[in-house]
Amino acid sequence: MSDAPTPKPAAQAAGRAGMKKELPEHFKAYRHVWVAVELERGQVHPVSFELLGEGRKLADKLGVDLAGVVMGPPGEETNQAIREAFAHGADLAYLVEDPILRDYRNEPYTKALTDLVNAYKPEILLLGATTLGRDLAGSVATTLKTGLTADCTELAVDADKSLAATRPTFGGSLLCTIYTLNYRPQMATVRPRVMAMPERVERPIGRVIAHPLDMREEDIVTKVLNFIPDGQSNKVNLAYADIVVAGGMGLGSAENFQLIRNLAATIGADFGCSRPVVQKGWMPAERQIGQTGKTIRPKLYIAAGISGAIQHRVGVEGADLIVAINTDANAPIFDFAHVGIVTDAVRFLPALTDAFARRLSPHNHDKLAG
Amino acid sequence: MHIIVCIKQVPDSAQIRVHPVTNTIMRQGVPTIINPYDLFSLEEALRLRDQHGGEVTVITMGPPMAEDALRKALTFGADRGVLLTDRYFAGSDTLATSFALASAIEKIGQLYGRPDIVFAGKQTIDGDTAQVGPGIAKRLDLLQLTYVAKVSAADPGKSEITVERRAEGGTQILKTRLPCLITMLEGSNEMRRGTMPDALRAARAEIVTWSAADAGIEDLTKCGLRGSPTVVKHVFAPSARQDKATMVGEAGDLPRDLADKLLDDVFTRQPAILIAMSALSSL
Ligand SMILES: Cc1cc2nc3c(=O)[nH]c(=O)nc-3n(C[C@H](O)[C@H](O)[C@H](O)COP(=O)(O)OP(=O)(O)OC[C@H]3O[C@@H](n4cnc5c(N)ncnc54)[C@H](O)[C@@H]3O)c2cc1C
Ligand SMILES: Nc1ncnc2c1ncn2[C@@H]1O[C@H](COP(=O)(O)O)[C@@H](O)[C@H]1O
């Protein structure tokens, strides 16, 4: 991604590409698509499966293999991660297993991944844009002196077989497609939930190539003194919720967000909001939905009093069904919602909660009053 | 302690508009600000300096007008501003940006003292990549602490630092050695108000202004467009969805009737949702 405020003009970029389009000889050996399978504290992050699904498509178009890269401590955790990599489409797996890799730390993980790339030479390397993935990707790309495109929303293979990575630019109002010319691997990160989850198909574990870490704990300066798991209270798993209800500035006050929480509790939904609601302090930051918040892909998304600005839209477009409630019939949200209602959300939300309650459980209606 | 903070001047994206017809960016009159995420790092740097003594140097790479961002940082209490500006830097991607900044930081270290900590923002609001910080760390061989929610303890004498770092699903308490590179999480502190003496000092201060050569950069092929492996090929507006929302209800409907009409529609389209809800709801 160009770091200057102005992206390089297309003509200039093309001119440069035209100048030396030929991939340097030593990069020609770089083949196959890799996905870093993110394993933190025994759990594979679901974004890794989403990336395997996307990586599968790229590998098929290129006619190459898809590999899952697993780094972690020896034991059942890495085994499980490898099994899942195959179940989500990998043809083979690379494994760096060492007790040093129990907790994520930049130094050993950077070495593990950089060594693997140098030894086995992938043409494309994908990572999740999580706190782990972003910490690691920047270090690895700088060590390898290659290009890295962050937070992609679309990945494709071009006619000349290079990776076309599309991401939002200018605060999300426009998209741009970025290429890594003349360097390998072509690296990209993708945020959780931006790509669809591929179907899981149980398959036997195939080829696994193990590679040593070749580091001693004494060589590593940074020590993990403790890990404090998130408490129940701030465990917001909005990104993976099946049903999401959100409110925007149209709700008018912090108090009115109780209407959102009531509806969410009644239908078993998680809840969120637009960015200005967070800026007002009406909701905590981890509830923000959109380009600079969470990307969601629920079966049902109900947006109340949200105008539907592009930065909000990119975070919710993956929903199967979008219902919008807004007083303004011309609000941009009606351009991408599936079902719309022009009405005052503050008056409508209690009626909607009530209607859901009646359908869900006709006998329990009375319990919900108030 | 000598602390260096990387700040970037960015257009205030809250005020950028896209032309509704031509889909081009309307930049005219859009004010520039210090990248908001950088302020959390700057404040943390100032606090550490206030505790341990020393100096805070702010650095930016950008056009000559980026000097304003440095001056602003001086009003908050930073001690020195360094502007890295050269046409050779134009079109830098994150790899080339981290090269230029790392080179300049080395030079700053030679002239004003080796830094104990280099701060960068978590990410910018225009580039939005979160890559430049880790890139600088790697190039200068600094230990890297990203997404830091709190600096719990810093001991420049022993060259030790302990931080709380946001990880997936929890918080890591990490202890490492100085020098290191830190990116602060948003909301981890609140930027102070500058004092009057700082404002006066900032207005008069001399901003150190360096070209690539001044910063000790010899290999210009690592700078700007030439030093950038990534290339932006197309910029385009997202395509509109073909069909607009189906509108439910009529003007005079009572909320209750409207709600029922909506549910009929929703459950006709997605019958499975009812099942999901029954399983999840708190009824
Ligand atoms: C770099 C950048 C990143 C951003 N990232 C995000 C992001 O991640 N997520 C995000 O959401 N935004 C983001 N934004 C902000 C975004 O551009 C919009 O400003 C924001 O989404 C608008 O929020 P809103 O719809 O709640 O408020 P408004 O735009 O103020 O809209 C309120 C809406 O409520 C309607 N309304 C008013 N009263 C009622 C009522 N009684 N009942 C029903 N409807 C009513 C109005 O008609 C209007 O459509 C970002 C902006 C920038 C520049
Ligand atoms: N041109 C620049 N000058 C100074 N610091 C920068 C520049 N670009 C990026 N940075 C620093 O790197 C951080 C991450 O930027 P980015 O990778 O663009 O998201 C920013 O918050 C800044 O601290």
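Going down the list, the sequences are from chains V and G. If you're matching positions, the first sequence starts at 42 in the working numbering and goes up one per residue. If you're matching positions, the second sequence starts at 23 in the working numbering and goes up one per residue. Glycine is no exception: its CB is placed at the ideal position from the N, C-alpha and C atoms. Note that the structure is predicted; figures quoted are calculated from it, not measured.
- Distances between the C-beta of Arg-316 of chain V and the heavy atoms of ligand 1 include at least one below 7 Å.
- Annotated three-state conformation of Phe-258 of chain G is strand, per DSSP.
- In the DSSP assignment, Gly-174 of chain V falls outside any beta strand (DSSP E) and within the unbroken alpha helix (DSSP H) covering 172 to 185.
- According to DSSP, residue pairing for Asn-267 of chain V in a beta bridge involves G:Ile-195.
- Per DSSP, Ala-91 of chain G is one residue of the alpha helix (DSSP H) stretching across 89 to 98.
- When C-beta atoms of the segment 265 to 281 of chain G are compared with those of the segment 278 to 286 of chain V, fewer than three pairs fall below 8 Å, so the two segments do not count as touching.
- Inter-residue distance for Ala-281 of chain G and Met-290 of chain V is about 21 Å (C-alpha atoms, whole angstroms).
- Of the heavy atoms belonging to ligand 2, at least one sits nearer than 7 Å to the Cβ of Gly-84 of chain G.
- For the 8 Å CB-CB criterion, Val-78 of chain G and Asp-101 of chain G form a contact.
- For Phe-389 of chain V, the neighbours in chain G by C-beta distance under 8 Å run, in chain order, Pro-277, Leu-280, Ala-281.
- For Tyr-135 of chain V, there are no C-beta contacts with chain G under 8 Å, since the nearest C-beta of that chain is about 21 Å from it.
- Excluding the 5 residues flanking it on each side, Gln-37 of chain G has same chain C-beta neighbours closer than 7 Å at Val-52, Pro-53, in chain order.
- In the DSSP assignment, Leu-196 of chain V forms a beta bridge with V:Ala-206.
- The segment 153 to 190 of chain G contains, as complete alpha helix (DSSP H) runs of 4+ residues, the segments 154 to 162 (chain order).
- The residue among V:Ile-250, V:Leu-215, V:Leu-189 with its C-alpha nearest the C-alpha of Ala-205 of chain V is V:Leu-189.
- One finds Gly-191, Gly-192, Thr-193 in chain G with Cβ atoms closer than 9 Å to the Cβ of Pro-270 of chain V, taken in chain order.
- Under the Cβ distance rule, Arg-109 of chain G does not count among the residues neighbouring chain V, no pair being separated by less than 8 Å.
- Secondary structure of Ala-251 of chain V (DSSP, three-state): strand.
- At least one heavy atom of ligand 2 is found less than 7 Å from the C-beta of Asn-57 of chain G.
- Per the DSSP secondary-structure output, Tyr-220 of chain V pairs in a beta bridge with G:Val-253.
- Inclusion of Leu-123 of chain G in the 7 Å shell around ligand 2 follows from its C-beta lying nearer than that to a non-hydrogen atom of the ligand.
- Contact check between the segment 216 to 223 of chain G and the segment 294 to 301 of chain V: fewer than three CB pairs, one atom from each, fall below 8 Å, which does not count as touching.
- Uninterrupted alpha helix (DSSP H) stretches at least 4 residues long and entirely within the segment 270 to 298 of chain G occur at 277 to 291, given in chain order.
- With 16 or more other Cβ atoms inside 10 Å of its own Cβ, Leu-93 of chain V counts as buried.
- Under DSSP, no beta-bridge partner is assigned to Gly-238 of chain G.
- The shortest CA-to-CA distance from Leu-92 of chain G to any of G:Pro-178, G:Arg-226, G:Asp-150 is the one to G:Arg-226.
- Within chain G, the residues whose beta carbon sits less than 8 Å from that of His-379 of chain V are Ala-267, Thr-268, Arg-291, listed in sequence order.
- According to the DSSP assignment, Gln-299 of chain V belongs to the alpha helix (DSSP H) that extends over 298 to 308.
- The closest heavy atom of ligand 1 lies 7 Å or more from the beta carbon of Gln-145 of chain G.
- Spatial neighbours of Ile-301 of chain V in its own chain (CB-CB distance under 6 Å, excluding positions within 5 residues in sequence) are listed in chain order as Val-286, Gly-288, Phe-312.
- In this structure, Met-83 of chain G lies away from Leu-133 of chain G, with their beta-carbon atoms at least 8 Å apart.
- The residue from V:Ile-165, V:Glu-79, V:Glu-125 with its alpha-carbon nearest to that of Asp-101 of chain V is V:Ile-165.
- Around the beta carbon of Leu-222 of chain V, 16 or more other beta carbons lie within 10 angstroms, which makes this residue buried.
- For Phe-397 of chain V, the enclosing alpha helix (DSSP H) covers residues 386 to 401.
- Here the segment 103 to 112 of chain V lies against the segment 127 to 135 of chain V, with 3 or more beta-carbon pairs under 8 Å apart.
- Neighbours of Cys-217 of chain V across chain G, judged by C-beta separation under 7 Å: Val-254, His-256, Val-257.
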